[in-house]
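A.B. asks: 71 is the number that our numbering gives to position 46 of the sequence shown; each next residue is one higher, with no gaps. Virtual Cβ for every residue (Gly too), placed ideally from N, Cα, C. Dumping the structure here so I can ask a few things about it.
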Amino acid sequence: MSTADLSLRDRAALLHPTTHLGRHAAQGPLIIERGEGIHVWDSEGRRYIEGMAGLWCAALGYGVPELAEAAAEQVRKLSYSHLFGSKSHEPAILLAEKLKELAPFSAGKVFFGHSGSDANDTQIKLIWYYNNLIGRPEKKKIIARDRAYHGVTLGAATLTGLAVNHKGFDLPLDYVRRVRCPHFYREGLPGETEEEFSTRLADELEALIVKEGADTIAAFIAEPVMGAGGVVVPPAGYFEKVQAVLERHDILLIDDEVICGFGRTGRWFGSQTLGMRPDTMSLAKALSSGYQPISAVLIPDSMYEVLEAGSKELGVFGHGYTYSGHPVCAAVALKNLELMQQRRVVEHAAAVADRFQSRLRAFADHPLVGEARGVGLIGAVELVSDKASRRGFAAALGVAAYCQARAEAHGLIVRAMGGDTIAFCPPLVVSEADIDELFDRFARALDDTA
Ligand code: PLP
């Protein structure tokens, strides 16, 4: 079918997720047709470096034959079965075991879903259920951070701290409390060190907990590195100080590893790079390198034991999806993790991260760039109209969106976020030469934007 036909039919049939619908109606889609390695091709045959690994997920890159075979083999053997009411199957069992083996904390049990959003909804429900069972029905509020992104299902969207995901949706926010985003460049005070900034944020968190009453607060949720909020790497000492506060007040730390999990920051989990001690963990995206929709929530045995004992009081644990632990998704995710281990993909990501970060940070000298930041193979540049005052551009100008479009014209897919920020998150299998090519193309896009 021709691109023009597809474009018309797209606009006649699709409601696009997380899209400015008016602009889309006027401009139409960029239709992506196929992918291989770190590249994708559009319907006109143009090739792009996928500098965002799709939506932060295609860790192993595109067109990996072993993953296609794992899917086909499982579809032929058992295309569907479920885990309700004690039914089980091998792919889900083996994947749960693999996640327990890889987890950087003592994960006792694994609950499967299909998206990062539903994983975080599960987190909310599990923690409420758990606190009810241990006789703490008042301990229900969850603290999340400004600019956090935890997804868009009803529960996850309440935790997300981005206006774009709240406007017009009337979300039930009564149980959510918010604290400051740990972005030193934007939130640090003149003369403050990173360490002092972290101390201030921990003090603000503690003041909020004291004001609300620690016996009303169940959990604090955090991404190790904030992704969709603008790739915010927390300042030195941040998690150490935050965790000391949480531990003092008996508040759980939910680690949202949906972007950072499986090598993105140069270790298997972002919590290892950023010094977090999670109580529970959400995983998705690179869990299957985006080849199948699958998510996982990891909980400690101490929590599971309460749930199990609770069946005497509550009967059936009434939470689960038709596709929890879907055998095809689980088989593909398991193969993905095995390939990551065999090919030492996390070690590779760590090895090429220096090149990625040094090329990225060189953009800090560009007149349009206020800050270039990142860790491992994730990063962003924040565009400013005035470097000295750090003034951004009016959102209506669409400067970052223009820069993204120029990057596409130069054969590079990046992601404009929050009006002023451009994110980079390539497949973990990029080589140093690919990284150079990626940033050479971006340099041209930035110069076109200046
Ligand atoms: N949590 C984080 C940190 C994310 O970045 C995302 C998606 O980008 C989500 C949760 C939601 O995941 P999904 O889009 O699969 O629902």
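Would the region 211-230 count as touching the region 186-194 if we require 3 or more Cβ pairs under 8 Å?
C.D. replies: no
A.B. asks: Exposed or buried, which one is L312 when buried takes at least 16 other CB atoms within 10 Å?
C.D. replies: buried
A.B. asks: Please identify the residue among I242, F209, A239 and Y105 whose C-alpha is closest to the C-alpha of P259.
C.D. replies: F209
A.B. asks: Please go through the same chain and pick out, in chain order, the residues whose beta-carbon is closer than 6 Å to the beta-carbon of L158, but skip the five residues on each side of it.
C.D. replies: V331 and G335
A.B. asks: Whose C-beta lies closer than 8 Å to the C-beta of L55 among residues of the same chain, with five residues either side of it excluded?
C.D. replies: D67 and E433
A.B. asks: Looking at the strands, I want to know which residues DSSP matches up with K134.
C.D. replies: I324
A.B. asks: Tell me which same chain residues have a C-beta within less than 8 Å of the C-beta of W293, skipping the five on either side of it?
C.D. replies: L127, P129, G286, F287 and V371
A.B. asks: Looking at the structure shown, is K102 part of a helix, part of a strand, or coil, going by DSSP?
C.D. replies: helix
A.B. asks: Using 7 Å as the cut-off, classify the Cβ of E248 as near or not near the heavy atoms of ligand 1, replying yes or no.
C.D. replies: yes
A.B. asks: From the DSSP output, in three-state form, read off S307 for me.
C.D. replies: S307 falls in the strand class under three-state DSSP.
A.B. asks: Sort L46, L453, G79 and E265 by Cα distance to F365 and report the nearest one.
C.D. replies: The question names Phe, but residue 365 in the sequence shown is Met. For M365, the nearest C-alpha among the options comes from L453.
A.B. asks: What number of angstroms, rounded off, separates the C-alpha of A83 from the C-alpha of G345?
C.D. replies: 26 Å
A.B. asks: Applying the 10 Å Cβ sphere with the 16-neighbour rule, what's the burial state of Y78?
C.D. replies: Just to set this straight, residue 78 is Ala in the shown sequence, not Tyr. So A78 counts as buried.
A.B. asks: If you measure between the beta carbons of H114 and L124, is that distance less than 8 Å?
C.D. replies: no
A.B. asks: Quick one: what's got a C-beta closer than 8 Å to G160's C-beta in the same chain, skipping five residues either side?
C.D. replies: none
A.B. asks: So, do the region 382-390 and the region 399-411 have three or more beta carbon pairs nearer to each other than 8 Å?
C.D. replies: Touching, per the Cβ criterion.
A.B. asks: Can you have a look at Y87 and say buried or exposed, based on whether 16 or more other CB atoms are within 10 angstroms of its CB?
C.D. replies: buried
A.B. asks: For W153, which residues does DSSP report across the bridge?
C.D. replies: Answer is none; W153 lacks a bridge partner.
A.B. asks: Would you please state the rounded distance, in angstroms, between the beta carbons of I319 and A355? I believe it to be under 8 Å.
C.D. replies: I319 to A355, Cβ: 7 Å. Contact.
A.B. asks: Can you give me the C-alpha to C-alpha distance between P249 and E462, rounded to a whole angstrom?
C.D. replies: 28 Å
A.B. asks: Going by DSSP, name the residue or residues bridged to H49.
C.D. replies: According to DSSP, H49 shares a beta bridge with no other residue.
A.B. asks: Using only CA atoms, which one of R440, V100, I234 and V267 lies nearest to K165?
C.D. replies: I234
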